[in-house]
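All residue numbers for the sequence shown refer to my numbering, where the first residue is 4 and numbers rise by one. For every residue, glycine included, the Cβ atom is placed at its ideal position computed from N, Cα and C. Please read the structure below before turning to the comments.
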Amino acid sequence: MEFDDLSNTYYVFLKWPDGEVTEHHKNVVYENCPQQLALFYVGIFELVGPE
């Protein structure tokens, strides 16, 4: 994932089974594969409950 300062948005890089790497807007990826993007975020952030 990469942040573009000029457009103020995130881009996601996807690596396909054939080895091709493509770049997509974060919202497009979320619309088409929300579960995979959610799992990516869970791997980065620690989710905690209210104390």
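Worksheet item: When burial is assigned at 16 or more other CB atoms within 10 Å of the CB, is N31 buried or exposed?
Response: Working through the sequence shown from its first residue, we reach residue 31 at position 28. The residue asked about is misnamed: residue 31 is Val in this sequence, not Asn. Per the 10 Å Cβ criterion, exposed.
Worksheet entry | Neighbourhood of K29 by C-beta distance below 6 Å, restricted to the same chain and skipping five residues each side | Here residue 29 corresponds to residue number 26 of the sequence shown, with the count starting at 1. So the list reads Y13, V15, once near-sequence residues are dropped.
Discussion item. Does E34 come out as helix, strand or coil in the three-state DSSP assignment?
Written reply: Counting from 1 along the sequence shown, the entry for residue 34 is found at position 31. For E34, the secondary structure class from DSSP, reduced to helix, strand or coil, is helix.
Item to complete: Identify, in the order they occur along the chain, each residue of the same chain with its Cβ nearer than 8 Å to the Cβ of Q38, setting aside the five sequence neighbours on each side.
Response: Along the sequence shown, one-based indexing puts residue 38 at 35. Closer than 8 Å at the Cβ level, and outside the excluded window around Q38, lies no residue.
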